[in-house]
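Q: This is the structure, below, for whatever I ask next.
Next up, the structure:
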């Protein structure tokens, strides 16, 4: 038993000595000590060097980068004022009928050589989209066959250019201006008399006149 323990101890000691010799051969102890003794090197201060510039740029003053307050240019907004339709109203059936009867009476006194028609105004004719559709038979029989500009002539002789759409048989652009200028309202009756190929005389019969 004693001999066995002795042999084991001798073998262990022998391995330790062999490992020690290998480390010395590789200079591992010296390398470990060198790592411990070494300290982080301090970076040397950098020298500031003037940047080379061309003579043309060098003569110019050094730019100063600072916040500059710039006055904002106020762009005026287009103020769109919606037209006040609160004063407009829906005409009663009775009032509408009376205006139409007056228009019929006036139409009967017009020269028969010039065809005419009567249109009773509704809200869409005098507000909102301002589109006026005319009687289809009147348009197809007497008015131009193609889209174009027609002229409406009021009782004072003032002329209003207006866009006529043949396929839709009605007035579009320009009718709004005519309607507002003549203060047309729901229930008014308007007589259109075709006096020229591209012109109509217009007589407006208001409810309260």
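Numbering (our numbering), first residue to last: 1 to 209. Don't be surprised by glycine CBs; every beta carbon is placed ideally from N, CA and C. Keep in mind it's a predicted model, so treat the numbers as computed, not measured.
#1: Among 123, 129, 172, 187, whose alpha-carbon lies nearest the alpha-carbon of residue 147?
#2: Taking the beta carbon of residue 139 as the centre, do at least 16 other beta carbons fall within 10 Å, making it buried, or is it exposed?
#3: Are the Cβ atoms of residue 131 and residue 120 separated by less than 8 Å?
#4: Pull up the distance between the alpha-carbon of residue 127 and that of residue 205, whole angstroms please.
#5: Buried or exposed: where does residue 176 fall if 16 or more other Cβ atoms within 10 Å of its Cβ makes it buried?
#6: So, residue 151 versus residue 161, is the Cβ gap smaller than 8 Å?
#7: Going residue by residue through the segment 121-182, where are the continuous beta strand (DSSP E) segments of at least 3 residues, counting only ones entirely within it?
#8: Please report how far the alpha carbon of residue 142 lies from the alpha carbon of residue 135, in whole angstroms.
#9: Could you check if residue 201 is buried or exposed, using at least 16 other CB atoms within 10 Å of its CB as the buried criterion?
#10: Please go through the same chain and pick out, in chain order, the residues whose beta-carbon is closer than 8 Å to the beta-carbon of residue 122, but skip the five residues on each side of it.
#11: So, with DSSP's three-state summary, where would you put residue 104?
#12: Buried or exposed: where does residue 116 fall if 16 or more other Cβ atoms within 10 Å of its Cβ makes it buried?
#13: Spatial neighbours of residue 107 within its chain, please: C-beta separation below 7 Å, excluding the five flanking residues on both sides.
#14: Quick one, are the C-beta atoms of residue 188 and residue 99 less than 8 Å apart?
#15: Looking at residue 112: is its Cβ nearer than 8 Å to the Cβ of residue 197?
#16: Suppose you measure from the CA of residue 149 to the CA of residue 96; what does that come to, to the nearest Å?
#17: In the DSSP assignment, the beta strand (DSSP E) including residue 206 goes from what residue to what residue?
#18: DSSP state of residue 116, grouped into three classes?
#19: Could you give the distance in angstroms between the alpha-carbon of residue 254 and the alpha-carbon of residue 12?
#20: With H, G and I counted as helix, E and B as strand and the rest as coil, what does DSSP make of residue 71?
#21: When we look at the beta-carbon of residue 104 and count the other beta-carbons within 10 Å, is it buried (16 or more) or exposed?
A: The short version:
#1: 172
#2: buried
#3: no
#4: 18 Å
#5: buried
#6: yes
#7: 148-153, 159-165
#8: 11 Å
#9: buried
#10: 186
#11: helix
#12: buried
#13: 116, 118, 191
#14: yes
#15: no
#16: 30 Å
#17: Unbroken run through residue 206: none, as it is neither H nor E.
#18: strand
#19: In the structure as shown, the chain starts at 1 and stops at 209, and residue 254 therefore has no counterpart that could be examined.
#20: Low local confidence applies: a pLDDT of 48 at residue 71 is under 50, so the model's placement there is unreliable, and no value is given.
#21: exposed
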